[in-house]
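Here's the structure, in structure tokens; my notes come after.
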Amino acid sequence: MITTAFILARDTPPQKFPFEVIWLWLVLGAVIVVCGLGLWWYQRRMRRDSESTYNGFTLDQLRQLNARGELTNEEYQQMRRAVIASMQSSDPMMRPDDAPQSAPNNADSDR
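My numbering puts the sequence shown at residues 287 to 397.
Here's what the structure looks like:
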């Protein structure tokens with residue numbers, strides 16, 4: 287019995303490399319690449335969306351705080367500059383010329 291199996295195995299022609307295996311690995315590689323690109327796109331989108339949300343003060347809120355006396359003029363000006371700078375850094379289309387201008391400070395005009 288063993289000799290018959292050995293003779294049959296020896297007499298079979300050599301097998302060609304199966305192209306089904308190649309196609310299987312190509313499809314598997316393509317699926318991995320597509321999943322990787324999808325994950326990269328999703329993370330990029332989530333990061334961009336999280337950076338665009340601003341949870342700080344608006345200029346209107348700062349004006350109201352200053353009008354109620356809860357902020358000094360110096361604090362108001364400092365926070366206002368910070369809000370404008372953060373808006374400019376998050377919006378590449380906004381140039382420094384487009385930033386809202388403040389009224390001249392009366393303390394500077396007394397000099």
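Backbone N, C-alpha and C define an ideal beta-carbon position, used for all residues, glycine too.
In the three-state DSSP reduction, Arg354 falls in the coil class, being neither helix nor strand. Look at Gly342 here: in three-state DSSP terms it is coil, with no helix or strand label. The alpha carbon of Thr344 has as its nearest neighbour, out of Trp326, Met365 and Leu310, the alpha carbon of Met365. Taking a 10 Å sphere around the C-beta of Leu310, we find fewer than 16 other C-beta atoms and assign the residue as exposed.
If the five residues before and after Val369 are omitted, its C-beta is found closer than 8 Å to the C-beta atoms of Gly342, Phe343, Thr344, Leu345 and Leu348, all from its own chain and listed in chain order. Rounded to the nearest angstrom, the gap between the Cα atoms of Val317 and Gln374 is 40 Å. In the three-state scheme derived from DSSP, where H, G and I count as helix and E and B as strand, Phe305 is classed as helix. A straight line joining the alpha-carbon of Tyr362 with that of Arg334 spans about 29 Å.
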